[in-house]
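In the UniProt record's numbering, the protein residues as written are 1 to 297.
For glycine and all other residues, C-beta sits at the position ideal for the given N, C-alpha and C.
The structure appears right after this line, and notes come after that.
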DNA sequence: AAAGGAACCTGTTGGC
DNA sequence: TGCCAACAGGTTCCTT
């Protein structure tokens, strides 16, 4: 689910709520997600003040007092939802004889694996049905040398991400540009949605070999990536299935998709059939790719 | 070394 | 209506 714009949106929402507050209590409800939680995670979070937040690619870092950071990845279905004091949904009582989850289905609490509670009663839950997410607790000074962050490519919205830098990363690559852009070592934070949308904006076929992109095409691709990410952040991300903002609101960028999840629909840049058959769906490396075969070369 | 596919999970959707 | 297969925003690990 969450790509860079969704993580950025969630992080901003959490920052507004948590920065400056102190975690009074934390609770883990299972041993871990993709990997086991750190030893004594809940105990170690309790009593810490939240100093601030940072994002790196699709990872979120919550800086705590005493020089440690919580590293979070939302995986495919992860959410972090902040609930104001006194607003926690009441656990529903299961109907007599019914087989249902005592926490109640549909509100996400059935899959809330980690809960933080501030001194003044805010509750922040990490919910992740598929459990592809992860959480770690690491020294703040060693954030960038963490195994999961080391080796990541440039931040696409920072100045260092230039056509020259992207060209250097793609040079000689024999893989399709679609796959290369999903590689977090090439550029950080892109996923299936925004790769499709950026390639459409740049007029580049997802099947084109990455090694043929450096040069004029990279000059178009870098601004396209920056623009689509900026637009998506401004819209609060894309809500398809699981993603919500930290305040529970939906993102709006899904209404502005030009190709993603639009198989068969008219391409916004084309006159329609017979000149253009509309948005096509193909499978690359086991994942759906959407593109316009007429304008993307 | 680099590229492709399987695996990790649960929930939803669409076809028969 | 019901069942089952296919598919979903990601990443790592294992084969080629």
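Q. Under three-state DSSP, which class holds residue 194?
A. Here residue 194 corresponds to residue number 194 of the first chain, with the count starting at 1. Reduced to three states, the DSSP call for residue 194 is helix.
Q) Alpha carbon to alpha carbon, how far is residue 111 from residue 125? A) Here residue 111 refers to the residue found at position 111 of the first chain. Here residue 125 refers to the residue found at position 125 of the first chain. Approximately 9 angstroms, taken between the alpha carbons.
Q) If you check the beta carbons only, do residue 196 and residue 260 fall under 8 angstroms apart? A) By one-based count along the first chain, residue 196 stands at place 196. By one-based count along the first chain, residue 260 stands at place 260. The answer is yes: Cβ separation under 8 angstroms.
Q) On the three-pair Cβ rule with 8 angstroms, is the region 156–175 touching the region 255–271? A) no
Q. With a CB to CB cut of under 8 angstroms and the five nearest residues on each side skipped, what residues in its chain are close to residue 67?
A. The residue you call residue 67 lines up with position 67 of the first chain. Cβ neighbours of residue 67 within its own chain (closer than 8 angstroms, five residues either side excluded): 139, 140, 141.
Q.
Please identify the residue among 176, 25, 135 whose C-alpha is closest to the C-alpha of residue 146.
A. On the first chain, position 146 is the one that residue 146 refers to. It is 135.
Q. Can you tell which of 70, 43, 57 has its C-alpha closest to the C-alpha of residue 51?
A. As a position in the first chain, residue 51 is number 51, starting the count at 1. Answer by Cα proximity: 70.
Q. What are the partner residues of residue 284, as DSSP defines its beta bridges?
A. Stepping through the first chain from its first residue, residue 284 is reached at position 284. Residue 284 is bridged to 287.
**Q.** At least 3 beta-carbon pairs within less than 8 angstroms: the region 199–215 vs the region 165–182
**A.** yes
(Q) Starting from residue 13, trace the alpha helix (DSSP H) in both directions and tell me its first and last residue. (A) Taking the first chain and counting its residues from 1, the one referred to as residue 13 is at position 13. From DSSP, the alpha helix (DSSP H) with residue 13 extends over 4–18.
Q | Where residue 256 falls: helix, strand or coil (DSSP) | A | Looking up residue 256 in the first chain gives position 256. Correct three-state label for residue 256: helix.
Q.
According to DSSP, is residue 175 part of a helix, a strand, or is it coil?
A. Position 175 of the first chain holds residue 175. Coil.
Q) Can you give the Cα-Cα distance for residue 25 and residue 154, rounded to whole angstroms? A) Indexing the first chain from 1 puts residue 25 at position 25. Indexing the first chain from 1 puts residue 154 at position 154. When rounded, the separation of the alpha-carbon atoms in residue 25 and residue 154 is 36 angstroms.
Q: Compare the C-alpha of residue 377 against each of 14, 73, 84, 206 and name the closest.
A: The question about residue 377 has no answer here: the residues shown for the chain are numbered 1 through 297.
Q) Can you name the start and end residues of the alpha helix (DSSP H) that residue 136 belongs to? A) Locating residue 136 in the first chain gives position 136, counting from the first residue. Segment 134–139 is the beta strand (DSSP E) holding residue 136; no alpha helix (DSSP H) there.
Q. Short check: CB of residue 53 to CB of residue 61, under 8 angstroms?
A. The residue you call residue 53 lines up with position 53 of the first chain. The residue you call residue 61 lines up with position 61 of the first chain. Yes.
Q) Under a three-way DSSP split, which group does residue 67 fall into? A) For the purposes of this step, residue 67 is taken as the residue at position 67 of the first chain. Note: residue 67 maps to helix in three-state DSSP.
**Q.** Buried versus exposed, by CB contacts within 10 Å (16 or more), residue 65
**A.** In the first chain, the residue the question calls residue 65 occupies position 65. So residue 65 counts as exposed.
Q: Report all residues from its chain with a CB closer than 6 angstroms to the CB of residue 119; omit the five preceding and five following residues, and keep chain order.
A: As a position in the first chain, residue 119 is number 119, starting the count at 1. Contacts found: 22, 24.
Q | 8 angstroms CB neighbourhood of residue 245 in its chain, flanking five on each side removed | A | Reading the first chain from its first residue, position 245 is the one you call residue 245. Excluding sequence neighbours, residue 245 sits near 9, 10, 13, 236, 237, 251.
Q.
Give me, in chain order, the residues of the same chain whose beta-carbon lies closer than 6 angstroms to that of residue 199; leave out the 5 immediate sequence neighbours on both sides.
A. Residue numbering aside, residue 199 sits at position 199 when the first chain is read from its first letter. So the qualifying residues of the chain are 206.
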